[in-house]
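In the working numbering, the protein residues as written are 3 to 212.
Every residue gets a Cβ at the ideal spot worked out from N, C-alpha and C, and that includes glycine.
Below is one structure, written out as structure tokens; comments come after it.
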């Protein structure tokens, strides 16, 4: 993608009703990449990427035990804004969390950015276990505050860059405060639709600012 500052690895995977069908889709996709001057690195690069993704999930448990927090965000933007968005989130979270970004769900218009925030939460688990219950509760409260501060800084940067605060994981109770900044006056239209389809307000009341 010309909008990115350097070459990127595009991992493609296909499934279907039969192995032949999936193989045909793969051949078509590789032909498109070839026309775009892409270099076919073979299946090994994709397999390594898949293994790395699975390892990242399992690697979180030792981090928690060591007193760290890990927060995952999925946001999305257009290709020409992708680099600026990534840098903006890293600047916003500086001093609060280390930010790892991975492009996902590539499309002609843009992509999702899967952001991993890793930061200091509190005392290691063994130290907390040796302390009193009050100390443990205080440590947990401080850890939650650090996590929420880092998360709010990252999401604020996403909103400032004009990106969407969620690609596929929904908004949730924490993110919804940033939804107004993303949608602007669109909130009024959504409220009108909600009132028309749910006049008694029984469908998930009070969520998504509706």
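Classify residue i as helix, strand or coil using the three-state DSSP reduction.
| i | result |
| --- | --- |
| residue 187 | coil |
| residue 68 | coil |
With distances taken between CB atoms, is the gap from residue i to residue j smaller than 8 Å?
| i | j | result |
| --- | --- | --- |
| residue 78 | residue 115 | yes |
| residue 83 | residue 165 | yes |
| residue 81 | residue 35 | no |
| residue 210 | residue 173 | yes |
| residue 31 | residue 14 | yes |
| residue 193 | residue 212 | yes |
| residue 67 | residue 127 | yes |
| residue 92 | residue 123 | no |
| residue 189 | residue 183 | no |
| residue 17 | residue 24 | yes |
By how many angstroms is the C-alpha of residue j removed from the C-alpha of residue i?
| i | j | result |
| --- | --- | --- |
| residue 48 | residue 9 | 16 Å |
| residue 168 | residue 75 | 7 Å |
| residue 199 | residue 130 | 50 Å |
| residue 52 | residue 63 | 19 Å |
| residue 176 | residue 29 | 43 Å |
| residue 191 | residue 105 | 31 Å |
| residue 39 | residue 11 | 13 Å |
Which parts of the region 97–162 are runs of the alpha helix (DSSP H), unbroken and 4 residues or longer, counting only runs that do not cross its ends?
127–132, 135–162
3-residue-minimum beta strand (DSSP E) runs that sit fully inside the region 22–88, ordered along the chain
70–80
Are the region 67–77 and the region 146–162 touching, with three or more C-beta to C-beta distances below 8 Å?
yes
Tell me whether the region 155–165 and the region 85–103 touch, counting them as touching only if at least three CB pairs, one residue from each stretch, are closer than 8 Å.
yes
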